[in-house]
Each structure stands twice: as C-alpha cells, then as structure tokens.
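In what follows, a structure is listed as structure tokens, so that the remarks can point back to it.
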Amino acid sequence: MDILIQQVVSGLATGGIYASLALALVMIYQATDVVNFAQGELAMFATYICWSLINAGLPYWVAFLSTLAIAFVGGVVIERVVIRPVENAPILSIVMVTLGLLVICNSVAGWIWTYLQKPFPSPFSANPIKVGNVVFGAHDLGEIEVTMLVLLCIYLFFRFTPLGLAMRAAAHNPVSSRLVGIRVGWMLALGWGLAAVFGAVAGMMVAPVLTLEPNLMGGVQIYAFAAATLGGFTSPGGAVLGGFIVGVVENLVGTYVSFIGTELKFTVALAMIIVVLLVRPTGLFGTTVVKRV
Amino acid sequence: MNALLDVQALEAFYGRTKALHGVSFSMATGGITTILGANGAGKTTTLRAISRMVRTTGTIRFEGEALERRATEDVVQLGIAHAPEGRGTFVHLTVEENLRLGAWGRRERGNLKDDFERVFGYFPVLHERRRQAAGTLSGGEQQMLAVARALMLRPRLLLLDEPSLGLAPLVVREIFRILRTINQTGVSILLVEQNAALALDLADHVFLLETGRVVMEGPSDVLRKDDAIRRAYLGY
Ligand SMILES: Nc1ncnc2c1ncn2[C@@H]1O[C@H](COP(=O)(O)OP(=O)(O)OP(=O)(O)O)[C@@H](O)[C@H]1O
Ligand SMILES: [Mg+2]
Chain A
1 MDILIQQVVS
11 GLATGGIYAS
21 LALALVMIYQ
31 ATDVVNFAQG
41 ELAMFATYIC
51 WSLINAGLPY
61 WVAFLSTLAI
71 AFVGGVVIER
81 VVIRPVENAP
91 ILSIVMVTLG
101 LLVICNSVAG
111 WIWTYLQKPF
121 PSPFSANPIK
131 VGNVVFGAHD
141 LGEIEVTMLV
151 LLCIYLFFRF
161 TPLGLAMRAA
171 AHNPVSSRLV
181 GIRVGWMLAL
191 GWGLAAVFGA
201 VAGMMVAPVL
211 TLEPNLMGGV
221 QIYAFAAATL
231 GGFTSPGGAV
241 LGGFIVGVVE
251 NLVGTYVSFI
261 GTELKFTVAL
271 AMIIVVLLVR
281 PTGLFGTTVV
291 KRV
Chain B
294 MNALLDVQAL
304 EAFYGRTKAL
314 HGVSFSMATG
324 GITTILGANG
334 AGKTTTLRAI
344 SRMVRTTGTI
354 RFEGEALERR
364 ATEDVVQLGI
374 AHAPEGRGTF
384 VHLTVEENLR
394 LGAWGRRERG
404 NLKDDFERVF
414 GYFPVLHERR
424 RQAAGTLSGG
434 EQQMLAVARA
444 LMLRPRLLLL
454 DEPSLGLAPL
464 VVREIFRILR
474 TINQTGVSIL
484 LVEQNAALAL
494 DLADHVFLLE
504 TGRVVMEGPS
514 DVLRKDDAIR
524 RAYLGY
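Chains as they are written, first to last, in my numbering: chain A, 1 to 293; chain B, 294 to 529.
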C-alpha cells in the first residue's frame with residue numbers, strides 16, 4: 001500500500017511534466033491546427049538558458065522566472081518570424097517547418113552547450129519527506145506543486161481575463177474574431193508564447209531527474225503526444241488529465257508488472273493509448289471537429 | 294457632402310472571379326439603408342468589402358476616411374459593427390462572453406455594465422440565457438445575439454446581413470422593431486435583405502443590386518410603388 005501511494009505520487013510528478021508539454025501542444029493545435037513537433041526542443045533550449053543563468057550566479061527562482069519570460073518572448077518571436085509566413089501553406093509544409101525547428105534547436109543547443117550531460121539543480125530539498133511510513137521525494141512533491149500552480153494560473157487567465165477570452169475566441173472562430181476587432185495573428189503569437197512557457201516549466205522540472213542534455217525532451221515529448229492524444233487533441237483539460245494518467249500508469253506498470261520493468265514501460269503506455277483510441281477515436285475528452293472546407 | 298459611407302466604383306474578387314462590377318452608393322448619417330437583390334447578387338460581398346474581408350478595387354470612405362487599406366480589425370475600431378451572414382456566433386462561448394467580445398474593438402473598453410443593460414433590455418431572452426453556450430441557442434436567439442454583439446461596440450454604423458433569414462415571422466417582426474429603436478438612438482444601419490417587404494418598411498433608402506451592379510436606387514416609399522420592384526420582390 002505504501003509503495004502504491006509512493007509510486008502514484010511519483011507518477012503524478014512525471015505526469016505533471018507530460019501534462020505541461022501536452023497542454024502546450026494542444027493550445028497550439030487548437031489555435032492553428034498545427035502540431036508543433038519542436039515543442040519539446042524549445043523546452044530543452046529554455047532549460048539550457050536557465051542553466052546558463054544559474055551558472056552566471058542568479059538565484060534559482062530568479063533564473064526560473066527569467067527563463068519563463070525569455071521563453072514567452074521566444075515563442076512569440078518564433079510564431080511571428082517562422083510560422084507566420086507559412087500560415088496559409090499546406091499543413092505538411094507547416095509540419096516540415098516545425099520539424100526543421102526541432103533539428104535546429106537540437107543542434108544549436110549541442111553546439112553551444114555540447115552533448116555532455118550536465119547536472120541541473122532542483123530548487124527543492126534533497127531530503128525525502130516522510131509522511132507516516134510513506135516516503136516522498138521532495139522534488140516530486142515540489143514538481144507537482146509547481147505544475148499545479150502553473151495550470152491554475154493558466155486556467156484563471158483563460159477563464160477570467162478579457163485577453164484570455166479573446167485568445168479562446170481567436171482559436172475557435174478567427175473570422176468572427178476579426179469582425180469584433182481582435183487581432184487574431186497576435187493572439188496566435190501569444191498562444192505560442194504561452195506554450196513555450198509551459199514547455200519551459202516542464203523542461204526545468206524534469207532536468208534535475210534526467211540531467212540536462214540536448215536530447216532531454218525526446219522521450220518526454222512522445223509521452224506528451226500520448227497524453228494529448230489520450231485526452232483528445234481538442235481539449236486542454238483532457239490533455240492535462242491525460243498527462244497525469246500517462247505518468248501514473250507508466251510508473252505503476254513499471255513497478256508492478258515484473259516482466260515489464262523499466263525498459264518496456266514506454267511501450268506499454270503507448271499500447272494503452274492505442275487501445276483507448278480504438279475504442280474512442282477522439283480521445284477520452286475530445287470532440288469530433290467538423291472541418292470547414 | 295456629409296455622407297456617412299461613400300462607396301465608389303467598387304469591384305470585389307474571390308480569387309479570379311469578380312463578384313461586384315463597379316458598385317457605387319452612399320448613405321447619409323442617421324439613416325437606414327437597405328440593399329435588396331436576388332441570391333448571388335453581391336449583397337453579402339458588398340458588406341464584406343466594407344469590412345475588408347474580400348479583395349477589392351475602388352474606394353470606400355467612412356466619415357471621409359478611406360477604408361481600402363485597413364484590416365478588418367481596424368475597420369471595427371472606426372465604429373463599424375458587422376453582424377455577418379450566418380451570424381458568426383462564437384458557439385463554444387457563453388452568451389455573455391459573446392457579448393463581451395463584441396466590445397473588444399471599442400475605443401473605450403471600460404464599464405460594460407450599461408451596455409449589457411441596454412442589450413438585455415432589447416433582448417430579455419439573452420439575459421435568461423447569458424450563461425448558456427451560444428451554440429445551444431435557437432436560430433432566432435442567435436440572430437438576436439448577433440445584433441446584440443454588434444451593439445456592444447457602440448457602433449456608428451451597423452452592417453446587418455439578412456437578419457430575417459430562417460426565422461419565424463413573429464421573431465423577425467420583433468427584431469425589426471428593435472432595429473428601428475436602435476436607429477433612433479443614433480446608429481446608422483446598412484441592411485441586406487431578401488425579405489423586401491420588411492426591408493422597405495424599415496429603410497428610408499434602397500439600393501437594388503443585380504449581378505454585382507446597382508440597377509436602381511431611391512427612397513423606399515418611391516421604390517415600393519415601382520412596378521418592377523413590386524413584381525420581382527414584393528410578389529403582387
Ligand atoms: N467565398 C466565395 N468564393 C467564390 N465566390 C463567391 C464566394 N462568396 C460569394 N461568391 C460569389 O460572389 C457572388 C456574390 O455572392 P454574395 O454572397 O455576395 O451574394 P448575395 O447577394 O449575398 O446572395 P445571397 O442572397 O444568396 O446571400 C456570387 O456569384 C457568388 O457565387
Ligand atoms: Mg448573402
């Protein structure tokens with residue numbers, strides 16, 4: 001029982017990381033119908049920036065927040081400069097552009113920071129936290145708190161602020177949005193900025209566990225895709241929940257099904273998602289989108 | 294001349310096809326003008342041209358300012374509200390959120406309370422449904438929402454594209470009664486309609502569009518008596 005609780009919490013911690021990145025993917029997908037394959041690599045890049053800031057002597061949380069700001073601006077700039085020109089191109093061209101971004105981020109990071117693994121600090125204490133007989137990793141708990149806080153902020157932003165409302169409107173109905181005076185192009189750029197922020201959070205939270213290297217987010221991104229698909233690519237809430245589900249299932253399967261162990265749990269998580277998709281093709285919380293032609 | 298809206302030699306293009314072939318008209322401040330015409334005559338396209346949603350040549354001036362080089366969002370900021378064909382409802386959002394968005398392009402953003410009170414006064418049913426997703430409204434209610442959303446801009450000019458489409462006669466009469474009230478508060482209206490009888494009753498000036506050209510124009514009481522109009526559009 002204690003082990004079960006421990007493993008669930010640890011699953012929630014990684015799940016939060018998948019959730020953040022999945023949310024980033026879904027936000028961009030909803031607004032522009034584009035799957036941003038570079039999302040994970042942008043997150044990795046942001047994490048390196050945080051590492052450099054910390055190395056330059058900034059306190060952790062200052063570096064953390066500065067990185068979020070830099071990621072936001074970076075996301076906006078990338079949308080304006082790289083995505084905007086291909087906005088009306090066929091979907092495959094846009095996919096190619098995001099794949100190009102992926103490769104560029106990866107090799108530029110390797111070029112600047114080398115491919116050697118770098119330890120990345122955790123802002124949380126190294127001592128485990130003991131509740132009764134159950135032992136929790138402090139980083140796991142901190143990670144959960146940070147992701148929850150970010151998710152709460154973003155929920156409040158979209159739900160209660162005029163700008164959040166305008167961004168939702170622009171994503172769902174660009175034509176009507178223009179007719180009420182919303183600058184749809186800028187809303188999409190802001191969406192890329194926010195997505196980059198979620199990605200950066202995910203990167204900085206996972207880096208202490210995996211240690212920092214240019215391929216930091218490769219696996220995470222696949223899980224995030226799985227989470228987004230599981231939740232239905234059209235539902236931000238679903239993507240978040242999908243992230244937590246994938247995290248927990250991955251962890252429990254790895255722990256309890258002895259012949260699977262850590263090597264195969266990746267496969268099992270993905271197999272589970274395929275099963276869900278066979279039963280519910282739109283994902284658990286997705287809705288069928290009728291495409292206007 | 295103190296025209297509110299002045300359109301000259303307007304041509305509009307969808308890809309390579311030309312939908313308007315040199316439309317010219319102007320409307321005075323404070324009036325209700327209607328554009329009549331059969332399906333495909335170019336009524337919607339004319340409104341889209343004003344809102345800069347279609348490629349055009351020719352000139353469009355609103356209170357003396359040229360609109361041709363503006364983006365749709367900037368036209369809105371001049372105080373031109375457009376309730377488009379198909380109503381343009383944000384179906385995922387609530388009625389209240391739809392209305393909030395209507396005020397987005399307005400110069401003074403603050404205090405929406407008076408505006409909410411005003412549109413809920415016109416359309417009490419929207420107040421009842423304010424927390425409901427707009428996509429769950431009936432057609433008539435969505436049309437009311439489209440007009441209400443446009444009013445949230447506090448527009449100088451209201452562009453309405455077939456507000457009567459698909460609605461029960463009683464609902465249509467209600468909406469048109471409210472349009473008259475709105476006009477009396479100083480909002481000029483450019484109304485596109487297929488329901489000629491209703492439109493002629495409401496409007497003070499009429500333009501008749503046929504395959505992308507203005508073929509007739511005049512005060513509505515004059516055109517109502519015109520034989521050709523009677524036969525083609527009023528059916529008696
Ligand atoms: N999106 C479009 N692409 C290509 N051609 C279009 C498009 N929209 C309209 N047209 C063409 O432009 C012409 C004018 O269309 P418009 O929609 O302005 O007519 P309308 O007077 O509003 O008709 P209705 O009463 O049926 O709404 C038509 O010949 C139509 O086929
Ligand atoms: Mg039309």
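All C-beta atoms, glycine included, are put in the ideal place defined by N, C-alpha and C. All of these numbers come straight from a predicted model, not from anything done at the bench.
Compare the C-beta of residue i with all C-beta atoms of chain B and state if any pair is closer than 8 Å.
i, result
"V293(A)", "Model confidence at V293(A) stands at a pLDDT of 38, short of 50, so the residue's coordinates are unreliable and nothing is read from them."
"A196(A)", "no"
"N88(A)", "no"
"V275(A)", "no"
"S176(A)", "yes"
"A166(A)", "yes"
"I70(A)", "no"
"G181(A)", "yes"
"N106(A)", "no"
"L85(A)", "Contrary to the premise, residue 85(A) reads as Pro rather than Leu in this sequence. It does not: the Cβ of P85(A) has no partner Cβ on chain B nearer than 8 Å."
"P162(A)", "yes"
Check the Cβ-Cβ distances between residue i and every residue of chain A, and say whether any is below 8 Å.
i, result
"L298(B)", "no"
"R348(B)", "no"
"Q425(B)", "no"
"Q370(B)", "yes"
"T365(B)", "yes"
"F306(B)", "no"
"L386(B)", "yes"
"R393(B)", "yes"
"H375(B)", "yes"
Using the DSSP secondary-structure output, state which residues sit across from residue i in a beta bridge.
i, result
"R354(B)", "D299(B), A359(B)"
"P512(B)", "H498(B)"
"V135(A)", "K130(A)"
"I373(B)", "L450(B)"
"T327(B)", "L484(B), V499(B)"
"Y307(B)", "T310(B)"
"A426(B)", "T387(B)"
"T474(B)", "The partner list for T474(B) (beta bridge, DSSP) is empty, contrary to what the question assumes."
"L212(A)", "K118(A)"
"R506(B)", "E503(B)"
"T349(B)", "A305(B)"
Going by DSSP, what residue range makes up the alpha helix (DSSP H) through residue i?
i, result
"K336(B)", "336-343"
"M148(A)", "138-160"
"L101(A)", "91-113"
"Y256(A)", "236-256"
"L230(A)", "218-231"
"I54(A)", "39-55"
"A396(B)", "Here A396(B) belongs to no alpha helix (DSSP H), and DSSP marks it neither H nor E."
"F409(B)", "406-415"
"S20(A)", "2-32"
"E434(B)", "432-444"
"P174(A)", "174-179"
Would you tell me roughly how many angstroms separate the C-alpha atoms of residue i and residue j, rounded to the nearest one?
i, j, result
"L460(B)", "L451(B)", "20 Å"
"M1(A)", "G11(A)", "15 Å"
"Y155(A)", "R168(A)", "12 Å"
"L303(B)", "R348(B)", "10 Å"
"Y307(B)", "E486(B)", "22 Å"
"E87(A)", "G164(A)", "22 Å"
"P85(A)", "T98(A)", "13 Å"
"L210(A)", "F244(A)", "18 Å"
"T203(A)", "R80(A)", "The sequence as given places Gly at residue 203(A); Thr does not occur at that position. Between G203(A) and R80(A), the C-alpha separation is close to 23 Å."
"M44(A)", "G75(A)", "13 Å"
"W61(A)", "P123(A)", "8 Å"
"F37(A)", "R362(B)", "36 Å"
"V499(B)", "Q30(A)", "43 Å"
"R178(A)", "N133(A)", "58 Å"
"Y115(A)", "A396(B)", "52 Å"
"V290(A)", "V253(A)", "Low confidence applies here, because V290(A) scores a pLDDT of 48, under 50, leaving its location unreliable; read the following figure in that light. Taking the straight line from one Cα to the other gives about 36 Å."
For the beta strand (DSSP E) holding residue i, just list the boundary residues, first then last.
i, result
"G75(A)", "Element bounds for G75(A): not the beta strand (DSSP E) but the alpha helix (DSSP H), 60-78."
"K236(B)", "Look at the range of chain B in this structure, 294 to 529, and you will see that residue 236(B) is not part of it."
Interface residues of chain D around residue i at Cβ under 8 Å?
i, result
"L241(A)", "Checking the listed chains, one finds no chain D in this structure; the protein chains it contains are A and B."
**Request:** Evaluate contact between the segment 487-494 of chain B and the segment 311-323 of chain B, counting only Cβ atoms and requiring at least three cross-stretch pairs below 8 Å.
**Result:** no
**Prompt:** Is it true that the segment 182-194 of chain A meets the segment 400-415 of chain B, where meeting means three or more beta-carbon pairs spaced less than 8 Å apart?
**Reply:** no
**Message:** Could you check whether the segment 367-378 of chain B touches the segment 434-453 of chain B, counting it as contact only if at least three pairs of C-beta atoms, one from each stretch, sit closer than 8 Å?
**Reply:** yes
**Request:** Report yes or no: do three or more beta-carbon pairs, one from the segment 327-344 of chain B and one from the segment 402-420 of chain B, lie closer than 8 Å?
**Result:** no
**Message:** Tell me whether the segment 51-65 of chain A and the segment 229-244 of chain A touch, counting them as touching only if at least three CB pairs, one residue from each stretch, are closer than 8 Å.
**Reply:** no
**Prompt:** Should the segment 234-244 of chain A be called in touch with the segment 128-143 of chain A, which here means at least 3 C-beta pairs below 8 Å?
**Reply:** no
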